[in-house]
Structure formats: C-alpha cells, structure tokens
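Take a look at the structure set out below.
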Amino acid sequence: MQFFKDLNLAAFTAGFVAVLVGFTSSVAIVFQAALAFNATPAEIASWMWALGIGMGVCSLGPSLWLKKPVMVAWSTPGAAVLATAGLAGGFSMGEAVAAFMVSAALITLFGVTGWFEKVMNRIPVAIASALLAGVLARFGIQAFAAAQTALPLVLLMLAIYLLGKRLMPRYAVVLTLLGAIVFVVARGQLAWSGVHFSFAMPVFVAPQFTLAAIVSLAIPLFVVTMASQNLPGVAAIHAAGYGPDSPDGGIPVSKIITLSGLATFVLAPFGAFALNLSAITAAICMGKEAHEDPAKRYTAAVCCGAIYIVIGIFGAAITGLLTAFPKELVVAIAGLALLGTIGSGLAAAVKDESHREAALITFLVTLSGVVIAGVGSAFWGVVAGAIALFVQQYGQQRRTGQVLAKPAANPENPSKP
C-alpha cells in the first residue's frame with residue numbers, strides 16, 4: 012500500500028503530537044460543556060466516542076483519498092460557548108442535541124453552496140498569513156512561558172530541539188518529544204492515576220427542538236465554529252500550499268466543510284457538538300517537520316485520524332492517558348513544533364509592503380485573544396485587517412491609473428492633457 016511507503020517516523024510523530032496537543036489543550040472544556048447539560052458519565056464517554064470517531068473518519072478518509080493532509084477537529088470555542096450558555100439557560104441534553112443538529116445543517120449548507128470558500132478566497136494572502144501566525148503565536152508564547160513552572164524541562168526540550176535542527180532536522184520534534192517523555196518519566200511526573208482502560212459505548216439522546224435552544228445554542232455555535240475555527244483552518248491550508256492556487260487544485264475546502272457538517276449531524280445524538288477544519292493541529296501535520304515532501308504529508312494526517320478513532324473507541328480512557336502528560340510538556344512541544352509555521356506565516360504577512368500594516372493589525376488583534384459578542388479574535392483579526400486595507404487602498408489604484416493615463420490623452424504634447 013502506498014501509504015506505508017510514504018510514511019516515516021517524523022510523520023507519525025507529527026500525527027501523535029497533533030492529537031496530544033488537540034486533546035490535552037481543550038478536553039476539559041468539552042467535559043464542562045457536557046456537564047452544563049447535566050450529562051451522565053456514560054453520556055460524557057459517548058461524547059468522546061462520537062467526537063473521536065467523527066474527527067478520525069473526517070481526517071483519515073479524505074487524507075487517504077486526496078493524498079493531502081486534511082485535518083478535522085472539534086470546535087473548542089464552540090465548547091466554551093456551550094459550557095456558558097448551557098449553564099445560563101438550563102437546557103436539557105435533548106435540546107442541546109437539537110442545537111448541534113441545527114448548527115451542523117447550517118455548516119453543511121455553507122459547504123454545499125461554497126459560500127464560505129468564496130469569501131475566504133477573496134482574503135489577501137498577507138491577511139490570511141497574519142491570521143494564521145496570530146492563532147499559532149499564542150502557542151509559541153506559551154511554550155516559553157512554561158519555563159516559569161518547569162524550567163529544567165523547557166530548557167532540556169529547547170536544547171534537544173536546537174541540536175536536532177542542526178544535526179537531524181527531519182527528526183528534531185521526534186527527538187524533543189522522546190527526550191521530554193524520558194525526563195518526566197524519570198522524575199515521576201506522569202499522572203497515571205487517571206488512566207482506566209475501558210471501551211466507550213455510544214448513548215443515543217433524542218433531539219428536542221425548541222426556539223430558545225436554536226437561538227441561544229445553535230446560532231452562536233455555528234457562528235463561532237465558522238469564524239473561530241474554519242476561518243483559520245482555511246488560512247492554514249492556504250499557508251501550507253494546499254490552497255486553490257496549488258498545481259493540483261489543492262484541498263477542496265467546501266467539500267471538507269460539507270463532510271464535517273454531515274458527520275456532525277449524524278453523530279450529534281451521541282455527543283458530537285461541532286466538527287470543523289483544524290488550524291493548530293493542521294499546521295503541525297502540514298509543515299516541513301511532518302515530512303520533507305509535501306506530497307507525503309498526508310501520512311501525518313492519516314496517523315492523526317487513526318489515533319482519533321482509537322480514542323473514540325476507548326473514550327475517556329485514552330483521554331486520561333493523554334492528559335497524564337504534564338501541561339508544560341504539551342505546550343512546549345506544541346510551540347516548538349509550530350515554530351516553522353509561525354515564521355513562514357509572519358514572513359508571508361509582511362512580504363508585501365502595501366499590505367504590511369493591515370497584516371500586522373490582523374496579527375496583533377488575533378494574538379490578543381479578544382472576544383467580542385461571543386466571537387473569537389480570529390474573526391475580529393480578519394475584520395480589523397480588512398478595514399485597515401480598505402481605508403489605506405480603496406480608490407488608490409483607480410487614481411493611480413488616471414494619473415498614468417492623462418499624458419496619453421494628447422500624444423502630440425505629452426505635457427498637456
């Protein structure tokens with residue numbers, strides 16, 4: 012099989028790191044969202060089953076089919092919205108499931124019609140690159156901020172990474188992760204007490220459609236998933252060279268968004284609240300660290316998808332295993348693995364001087380983490396950058412064209428119009 016010929020250790024490690032970062036950084040928020048609807052332990056395990064299966068199938072299947080790294084994750088901002096709105100509104104699990112299905116139907120609609128992709132394709136490269144850099148830079152900052160609580164670990168990981176980049180650049184992240192694991196195991200810092208292996212069983216919850224749940228849960232969930240997750244997800248695809256301008260047409264964004272919406276709709280009664288394009292974990296699997304050959308980076312996404320499916324089967328047990336790693340190790344390996352992508356994003360953002368200021372505004376607003384009207388900074392970063400670009404450049408080309416055209420009005424005397 013071609014997949015096994017293309018697979019290498021770096022790609023598998025990238026897939027594992029993507030899962031490690033994705034789960035450990037936000038699984039607590041997902042648990043809080045489930046508890047906001049008074050979920051039982053069986054229902055929480057079902058949520059992990061549905062999300063793991065959904066992310067795994069939507070990542071593994073398209074990646075194998077297209078031979079491109081397609082990464083689908085759960086909506087972390089969506090989970091945060093659900094955790095807050097669920098507690099405030101006192102909604103039942105049935106009402107929550109109905110909201111998941113309505114949101115999924117809207118996502119599917121935007122995928123089928125291609126509306127979202129058309130909007131994204133009109134965003135300048137500098138703005139999209141700045142958006143991605145702003146989203147990922149927070150992980151870079153957290154990687155070094157972790158030194159405040161785990162200085163020896165972070166210094167060791169940084170040293171291994173720098174030496175690895177010098178001596179074995181393809182395996183720098185692999186060596187860094189292995190060195191960090193050996194270090195924390197030797198110091199007894201792995202929290203094994205939370206690991207209990209058991210199979211997760213799906214629990215079906217019948218949807219209960221109410222206007223209050225649609226307005227308070229479904230619409231906000233749809234908005235933040237599209238603006239805070241799919242928006243930077245598309246930016247990650249473009250930045251990695253898999254956009255529509257690539258020679259083979261790139262990753263069909265609208266089809267993947269449609270797939271994620273349909274998968275959410277089918278799995279919603281079991282706890283899949285929102286599946287969407289990934290940005291942070293996608294950047295890990297789409298970068299040079301995953302594979303030197305861009306045509307073979309799909310193997311990292313396939314590995315990530317396979318691990319997601321295993322997590323879904325074992326539910327909270329594997330989640331406990333992943334969360335056994337110290338928080339500092341997780342944020343440090345994420346930041347180091349994303350350094351290359353952050354650098355490339357910043358370079359592309361400031362390359363064009365005419366777009367540089369607008370791109371910097373996009374980067375800084377996105378990096379700020381500001382949340383307005385429940386919508387995250389990724390969306391507001393694009394809005395701020397677009398406004399800046401409009402103010403600076405609207406009508407400029409037209410005026411320039413008129414100035415250049417005036418001498419041609421009187422060819423006999425170019426000094427006069």
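If you want our numbering, it's the position in the sequence shown, counting the first as 1, plus 11. Note that CB positions come from ideal geometry on N, CA and C, so glycine has one too. No experiment lies behind these values; they were computed from the predicted model shown.
query	result
Using a Cβ-Cβ cutoff of less than 6 Å, which residues in the same chain neighbour Q413 once the five nearest sequence positions on both sides are dropped?	Below a pLDDT of 50, predicted positions are generally treated as unreliable, and Q413, at 47, falls in that range; no measurement from the model is reported.
Quick one: complete alpha helix (DSSP H) runs, 4+ long, within the stretch 291-342?	291-297, 309-325, 327-333
Determine the direct distance from the alpha carbon of G199 to that of F15, and round the result to whole angstroms.	35 Å
Can you check whether the CB of A154 is closer than 7 Å to the CB of G346?	yes
Looking only at its own chain, which residues have a Cβ that is under 7 Å from the Cβ of S227, when we skip the five neighbours before and after it?	A96, G100
Give the single residue among G72, R149, G67 whose Cα lies nearest to the Cα of A389.	R149
As a quick exercise: from A161, G65, Y253, pick the residue whose alpha carbon is nearest that of L286.	G65
Could you give the uninterrupted runs of the beta strand (DSSP E) lying entirely in the stretch 16-89, keeping only those of 3 residues or more?	83-85
How many angstroms separate the CA atom of A397 from the CA atom of S379?	17 Å
For the stretch 87-96 against the stretch 39-58, are there 3 or more C-beta pairs whose distance is under 8 Å?	yes
Tell me the DSSP secondary structure of L93 in three-state form.	helix
Give the range of the alpha helix (DSSP H) segment to which N132 is assigned.	126-132
Tell me, please, whether the stretch 121-132 touches the stretch 307-326 by the rule of three or more beta-carbon pairs shorter than 8 Å.	no
Report buried or exposed for N49, applying the criterion of at least 16 other Cβ atoms within 10 angstroms of its Cβ.	exposed
Is the stretch 272-282 close to the stretch 298-317, with three or more CB pairs under 8 Å?	no
Roughly how many angstroms lie between the CA atoms of L71 and Y405, to the nearest whole one?	43 Å
Considering only DSSP beta bridges, list what N448 is partnered with.	Because the chain in this structure spans residues 12 to 428, residue 448 falls outside the shown range and cannot be described.
What is the rounded straight-line gap between the Cα of T221 and the Cα of A384?	23 Å
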